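Start counting the sequence shown at 1; every next residue gets the next number (my numbering).
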Amino acid sequence: MDTHKISAWISRQDQIDRYAIPVQRTIAKLFGAEGKAMKNVEQFLHGRWLGHPLHSILVHIPVGAWTLAAIFDLFGRNAATRGAADWAIGIGLVMAIPAMLTGSTDWYPYDNAAVRRIGFVHMCANWAAFILYGISLALRTGNDYFGALFTGSLAFACLLASGYLGGVLVYEKRVGVNHANEPEEEVQLNEFVPVILLANLVENTPVRLQVLENWIVVVKSRSRVFALADKCSHEGGDLSKGTVVAGCLECPWHATQFRLEDGQVVGGPGVFPQPVFDVAIEDGWVMVKAVRAVEPLRSSAPIVNQVSLM
Ligand code: FES
Numbered sequence: 001m002d003t004h005k006i007s008a009w010i011s012r013q014d015q016i017d018r019y020a021i022p023v024q025r026t027i028a029k030l031f032g033a034e035g036k037a038m039k040n041v042e043q044f045l046h047g048r049w050l051g052h053p054l055h056s057i058l059v060h061i062p063v064g065a066w067t068l069a070a071i072f073d074l075f076g077r078n079a080a081t082r083g084a085a086d087w088a089i090g091i092g093l094v095m096a097i098p099a100m101l102t103g104s105t106d107w108y109p110y111d112n113a114a115v116r117r118i119g120f121v122h123m124c125a126n127w128a129a130f131i132l133y134g135i136s137l138a139l140r141t142g143n144d145y146f147g148a149l150f151t152g153s154l155a156f157a158c159l160l161a162s163g164y165l166g167g168v169l170v171y172e173k174r175v176g177v178n179h180a181n182e183p184e185e186e187v188q189l190n191e192f193v194p195v196i197l198l199a200n201l202v203e204n205t206p207v208r209l210q211v212l213e214n215w216i217v218v219v220k221s222r223s224r225v226f227a228l229a230d231k232c233s234h235e236g237g238d239l240s241k242g243t244v245v246a247g248c249l250e251c252p253w254h255a256t257q258f259r260l261e262d263g264q265v266v267g268g269p270g271v272f273p274q275p276v277f278d279v280a281i282e283d284g285w286v287m288v289k290a291v292r293a294v295e296p297l298r299s300s301a302p303i304v305n306q307v308s309l310m
C-alpha cells in the first residue's frame, strides 16, 4: 500500500487553505498580542525551556492511554476491564489538551503549503478523536456500552489517521527536526582557518561563507565577531539573510532568534540551539575553528580557495 499517495493528495488540496490559513492567523494573533506574557506562553509550548519540542513528548500520553482503552475494550469481558477502559479514556482526554495545544503552536508559523495542509488535517483528526472519545465516555457513564464501543472505535480510527499524518510531518516533511549542519563524522581541527578579512565585515551585517564542508554565517557586532552554522536549526532558513537584533541573529523565515554568543534560542518557534564556531582574529583575518568530515587540514596558511564570500 502506497501511503505516500494519501499525504501527497492532501498536500495538493488547496481548498484546505480556506480553513487552515485563518486558524494559523488566529493563533499568530493570539501569541502576537501585546505584552510579553503570551510570548512566554508560546515559548513554553514550543519547548524551548526543555531544548526539545514538547509536543513530541506529550503526544504519547493520550495515544498510549487510548490504545490501552482499545485493548481493554477488545478483550475486556468484566466490570474491571470496562472500568479500566473508562479511566484510560478519561486520562487520554485530559492529556490530549496540552498535546493539541503544543502541536498547534508548533504548526502555526509554517507557510509551506504541504505542511500547512497536512498539519491542518492532522489537527482535525485529533479533534475528531477527542470529541468522539468524549462522547464514548459519556455513553459509558450512561451505560450505553455498545454505543460507547462504536464511538470509541471511530475515535481510535481517527487517532491512527492522525498518527500517520503526524509521522508524515516529521519523517517526510521534517517538521520539528534539527536542520542545522551536522557533518556525520566530525573531526575538530586543532587550528583556526582564516575565512575573511576583518576589514571586510560591516557591523551587524551577516556574511555567508563556506569553510571546508560547512556553510557558516559570520557577524561582527559590538566589536566582536561571531560564527554560526548558516542553516537554521528550525527549518533550514538562511541565517545569513537574517537580521541582528539585540545580540541575536534572527532567522528570516520564522523569526527564531539565536544568541550570537552561544547559539542558544531566545525567541521564536525553534528549540534546537544553533551550532557555533570558535572565532579568533589574527593578522587582520577572522579565523574560525572549523569541523570537517575528512582528514583534518594541517596547513595554517590562508585557504583562499576554500573561502567564498557570497
Ligand atoms: S527556519 Fe524557521 S525560524 Fe529559521
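Using N, Cα and C, we set each Cβ at its ideal position, and we do this for glycine too. Keep in mind the model is a prediction, meaning the values are calculated, not measured.
Would you decide whether residue i is buried or exposed? Buried here means 16 or more other CB atoms lie within 10 Å of its CB.
i      : result
Pro22  : exposed
Ser308 : At Ser308, the pLDDT of 38 sits below 50, so the modelled position is not reliable; the number obtained from the coordinates is stated separately. Exposed is the call here.
Glu317 : Nothing can be reported for residue 317: it is not among the residues displayed for the chain, which extend from 1 to 310.
Arg12  : exposed
Gly32  : exposed
Lys5   : exposed
Gly284 : exposed
Gln43  : buried
Thr256 : buried
Glu184 : Residue placement at Glu184 is flagged as unreliable, the pLDDT there being 43, under the threshold of 50; a coordinate-derived value is accordingly withheld.
Gly152 : buried
Ile281 : exposed
His60  : exposed
Phe75  : exposed
Ala125 : buried
Tyr145 : exposed
Leu50  : exposed
Tyr171 : exposed
Check whether the Cβ of residue i lies closer than 7 Å to any heavy atom of the ligand FES, and answer yes or no.
i      : result
Ala128 : no
Thr256 : yes
Pro98  : no
Gly270 : yes
Trp253 : yes
His4   : no
His46  : no
Glu235 : yes
Cys248 : no
Cys232 : yes
What are the boundary residues of the alpha helix (DSSP H) that residue i is part of?
i      : result
Gln264 : Looking at the DSSP string, Gln264 is not in any alpha helix (DSSP H), and its letter there is neither H nor E.
Gln24  : 17–31
Thr67  : 60–75
Arg82  : 79–107
Arg12  : 4–12
So the beta strand (DSSP E) residue i belongs to, where does it begin and stop?
i      : result
Arg117 : Premise fails: Arg117 lies in the alpha helix (DSSP H), 113–141, not in any beta strand (DSSP E).
Ala227 : 224–229
Glu282 : 279–282
Phe258 : 257–259
Thr151 : Note, Thr151: premise wrong, no beta strand (DSSP E); alpha helix (DSSP H) at 145–167.
Asn40  : No beta strand (DSSP E) contains Asn40, which is instead part of the alpha helix (DSSP H) from 36–46.
Lys220 : 214–221
Gln210 : 207–211
Leu249 : 248–250
Leu239 : That residue, Leu239, is in no beta strand (DSSP E); it is neither H nor E in DSSP.
Val195 : 193–197
Out of the options, point me to the one whose CA is closest to residue i's CA.
i      : options                        : result
Pro275 : Leu198, Val244, Cys232, Pro53  : Cys232
Gly167 : Val265, Ala84, Ala128, His55   : His55
Gly237 : Asp111, Trp127, Glu191         : Asp111
Phe156 : Tyr171, Thr141, Arg140, Tyr133 : Tyr133
His234 : Lys241, Leu228, Trp253         : Trp253
Leu139 : Asp86, Gly47, Leu58            : Asp86
Met38  : Thr141, Asp283, Gly267         : Gly267
Ser7   : Leu197, Lys173, Leu228         : Lys173
Phe192 : Asp278, Ala148, Ala65          : Asp278
Ala161 : Arg77, Gly147, Ala128          : Ala128
Val175 : Ala199, Ala229, Ala114         : Ala114
Phe226 : Glu213, Val244, Leu212         : Val244
Asn40  : Ala280, Glu213, Val265         : Val265
Arg116 : Val271, Ala20, His60           : Ala20
Asn200 : Val219, Gln210, Leu212         : Val219
Leu101 : Met123, Ala84, Gly83, Ala80    : Met123
Ala180 : Asn214, Ala148, Gln210         : Asn214
Leu68  : Gly163, Ile57, Arg82           : Arg82
Asp14  : Leu58, Ile71, Phe120           : Phe120
Just confirm the distance between the C-beta atoms of residue i and residue j, as a whole number of angstroms; I'd bet it's less than 8 Å.
i      : j      : result
Val288 : Val195 : 5 Å
Ser221 : Asn204 : 5 Å
Leu249 : Pro206 : 7 Å
Phe130 : Leu93  : 7 Å
Asp106 : Pro269 : 7 Å
Ala96  : Pro62  : 4 Å
Ser104 : Ile27  : 6 Å
Ala80  : Ala65  : Not confirmed; about 17 Å, so no contact.
Should residue i be flagged as near chain D, meaning a C-beta pair shorter than 8 Å?
i      : result
Phe156 : In the structure shown, chain D does not exist; there is a single protein chain.
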